[in-house]
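**Q** Numbering of the sequence shown is given in the working numbering, commencing with residue 2 and proceeding in unit increments.
Note that CB positions come from ideal geometry on N, CA and C, so glycine has one too.
Dropping a structure here in structure tokens format, bear with me for questions.
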Amino acid sequence: MKVRVYNIGGIVSPLEVELIKGVNIYKAPNAYGKTSLAKALVSLLTSAIKPDDLLNVFANSGYVELDLDGRTYYRRIKRVKNKIMESSKLLLDDDRALLLSYFSPENKLLNQIMSGEENVEWFISATSKINELKSKKEEMETKLHNLQAEIDDLNRKYKEAIELQTKIKQIEDEIARLEKEKESDKVLNKTTQTISITNENKLRDIKEKIEVKKRELEDLQNRIARLDQEIKNKESLASPEIRQSYERQLQEINAQLQKITAQRNEAEIEIRLLEKVLDQIRESEKQHLTTCYVCGSHVDPSIWKVRIDVISKELQEKNSLYSGIKKEADELLSKKAEIEKKLKELDQISSEISKLKISRSELENRIESVKSTIDDLERQRREMEERFNRNAELYRVYDINDSINRRIEELKKKKDEYEYELAINGVPSTILNKISEKQKELQEVQKMVDDLEKEYMRRLTIAREEFVKIANYLLKELEFDLRAEIDENDRLVVKRNDATLELRKLSSSERTTLALILVLTALKSYFKTPFFIVDESFMTFDQRRFDKIVKYLNSVTDYVIITKSDENIELLKETMEPLASS
């Protein structure tokens, strides 16, 4: 892996470094660019490091380039007219790299642990991206809910379709029965019953018409009530008092405009006159005239300069006065336009009120018409009931087929209505197919929800389990007499001989190790990094512990880069056997 860096941070001369798989220790004096090199490498893993933070403040261009596995990744930055421009091809773009690929004094987790803060919930949440998973899970649950609602609606339509088919079958059976009845020899024996049915049907039709008209009347009355409320609301917006107030304001503005217009005209005349006089005086001065062009008296040529200054000053004052008058006139015209607009809006509202009142009058006429129709139908109903009751015993059938035919027509009409509803609703077989498709989709979404739930729970627990596994292994290897775990509240708990210890009372090496273990836990659980950088963070370890930690890091990723302060500049490359995995 080859790295090239120029004008990035403190690296102001082209730097080329070749790194091997294994451990690379870069030694250099302080302020020599070790951190700049580390940050340059990390910037190829995340766009969270902005180009402004990379480019040297005194440079106009810079770059970081990485050759890895036959491919080149880069960030090339230019400063153009105080703007930062960049072209880039990142190895990956994941802001977790700042936490999980770059272990330095700038690492937020390391700072927290070093300060003694034990709550690591934010770290687990950020590195596991559990919030994104939770959001996706909620999205799928919403989709699941919507699918269930669609299936419920299809089941309702299926039930309605079955009921419609049943009704159609009943009507078909009734029609077949009536067709047979027409041919029956028992027509005379059923005369009274048929007449009774016919009378009942007629009476039922009138009653249904009355109910329809009553519903229509109620609807019209509700519409009038809504119109009355709308008229009242609009009248409150266009009251005579509001209009009079606007008209008074308009009159006052017009009066002011007339006055200001006169002042402006007067000022314009005076300005033109002064400009003309000034031009003549300037011409007199230019020609060194000794005679006044107005009165003809003798004039000292030096006096023209004084007169020019006086008139120029007066002209300047007049122009300033004119500008003030014009500005005041413009403000008044703006106010006038605003008030005229409001008056037009009032006119529009008044026009709308008039239209609403016309609509209301039309509704009142329709209400009277419907009431009259209801009264007429009620009269017909009463007369029909009286006539049927009075002459029931006198009914005779002259043509029973007429009554049966009418009934058959009624049934056919009803059948057509049911068939139309069935066509809109869908036939049961089609609905069943749709239900089957939706249920299949529901099962797929349910599986996704279940998988997301499992992954959600896995991410909640894996960090704790992996942490305990790595922590107790590494702490033992490094001969720290400690045990550590993450409790259910996502707090870092450290114990020595079953006694819980405060983080801030631990040594720098112990706290650094715990922060590193948390990072390694997240790396193994959630994130794969091509390289791991340690920038000036292992200074508190003795050589023995340093070697063990480096060997363990070598088992986590292909490339391990460590910077250390040293008087000499040196790049040590070691291919070592990884420390036995925990």
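Quick one: grab the DSSP three-state call for F124.
**A** helix
**Q** Could you check the C-alpha separation between D68 and V561 for me, to the nearest Å?
**A** 16 Å
**Q** Does the distance from the CB of V24 to the CB of E478 come in under 8 Å?
**A** no
**Q** With distances taken Cα to Cα, identify the nearest neighbour of T558 among Q544, F542, L573 and F533.
**A** F533
**Q** On the criterion of 16 or more Cβ atoms from any shown chain inside 10 Å, does R76 qualify as buried, or is it exposed?
**A** buried
**Q** Note down, in chain order, each residue of its chain lying with its Cβ closer than 6 Å to the Cβ of D186, except the 5 sequence neighbours on either side.
**A** Here D186 scores only 43 on pLDDT, less than 50, and its place in the model is too uncertain to base an answer on.
**Q** Smallest Cα separation from I409: which of I172, H289 and S88?
**A** Answer by Cα proximity: I172.
**Q** Hey, could you find the ends of the beta strand (DSSP E) T564 is sitting in?
**A** Y560 to S566
**Q** For the candidate residues E209, S510, S324 and S404, whose alpha-carbon lies nearest to that of S538?
**A** S510
**Q** Here's the rule I'm using: 16 or more other beta-carbon atoms within 10 Å means buried, otherwise exposed. How should M86 be labelled?
**A** exposed
**Q** How would you call P30, buried or exposed, if buried means at least 16 neighbouring beta carbons within 10 angstroms?
**A** exposed
**Q** Mark M540 as exposed unless 16 or more other C-beta atoms lie within 10 angstroms of its C-beta, in which case mark it buried.
**A** exposed
**Q** Label F481 either buried or exposed according to how many other C-beta atoms from any shown protein chain fall within 10 Å of its C-beta, with 16 as the threshold for buried.
**A** buried
**Q** Whole angstroms is fine: what's the gap from Y74's alpha carbon to K22's?
**A** 18 Å
**Q** Under 8 Å between the Cβ atoms of L16 and L45?
**A** no
**Q** Using the Cα positions of N390 and R383, report the straight-line distance between them to the nearest angstrom.
**A** 11 Å
**Q** Please go through the same chain and pick out, in chain order, the residues whose beta-carbon is closer than 6 Å to the beta-carbon of L56, but skip the five residues on each side of it.
**A** G63 and I78
**Q** Determine, using beta carbons only, whether I350 comes closer than 8 Å to chain B.
**A** Here chain B cannot be found, since the structure has a single protein chain.
**Q** Tell me, please, which residues DSSP counts as bridged to T73.
**A** D68
**Q** Would you check if the segment 246 to 254 and the segment 364 to 377 touch, i.e. whether three or more CB-CB distances between them fall below 8 Å?
**A** no
**Q** Determine the DSSP secondary structure at V494, reduced to helix, strand or coil.
**A** Strand at V494.
**Q** Does the Cβ of L395 have 16 or more other Cβ atoms within 10 Å, making it buried, or fewer, making it exposed?
**A** Unreliable positioning characterises L395 in this predicted model, as indicated by a pLDDT of 46, which lies under 50. A coordinate reading is not provided.
**Q** Apart from the five residues just before and just after K158, which ones in its own chain have a Cβ nearer than 7 Å to its Cβ?
**A** N426, G427 and I432
**Q** Determine the extent of the beta strand (DSSP E) in which T501 is found, giving its start and end residues.
**A** A500 to L502
**Q** So A330 packs on I261, CB below 8 Å; how close in whole Å?
**A** Between A330 and I261 the beta-carbon gap is near 5 Å, inside 8 Å, which marks them as a contact.
**Q** Which value, in whole angstroms, describes the spacing of the CA atoms of D70 and Y457?
**A** 34 Å
**Q** Between R80 and V65, what straight-line distance do the alpha-carbon atoms span, to the nearest angstrom?
**A** 15 Å
**Q** Could you tell me which whole alpha helix (DSSP H) segments of length 4 or greater appear in the segment 130 to 160?
**A** none
**Q** Would you say L165 and E422 are within 8 Å of each other, going by their C-beta atoms?
**A** yes
**Q** Quick check on the burial criterion: 16 or more other C-beta atoms within 10 angstroms. Buried or exposed for I270?
**A** When all chains shown are included, I270 counts as exposed.
**Q** For V6, count neighbouring Cβ atoms within 10 angstroms of its own Cβ and tell me buried if that reaches 16, exposed if not.
**A** buried
**Q** Give every residue of the same chain whose Cβ lies closer than 6 Å to the Cβ of I368, excluding the five residues on either side of it in the sequence, and list them in chain order.
**A** L221
**Q** To the nearest angstrom, how far is the alpha carbon of R72 from that of L507?
**A** 45 Å
**Q** Go to A39, then tell me how far its alpha helix (DSSP H) extends in each direction, as first and last residue.
**A** DSSP places A39 in the uninterrupted alpha helix (DSSP H) bounded by K35 to V43.
**Q** Please classify V213: does DSSP put it in a helix, a strand, or coil?
**A** Residue state, collapsed to three classes: helix.
**Q** What did DSSP end up calling I570 once you bin it into helix, strand or coil?
**A** I570: coil per DSSP, three-state reduction.
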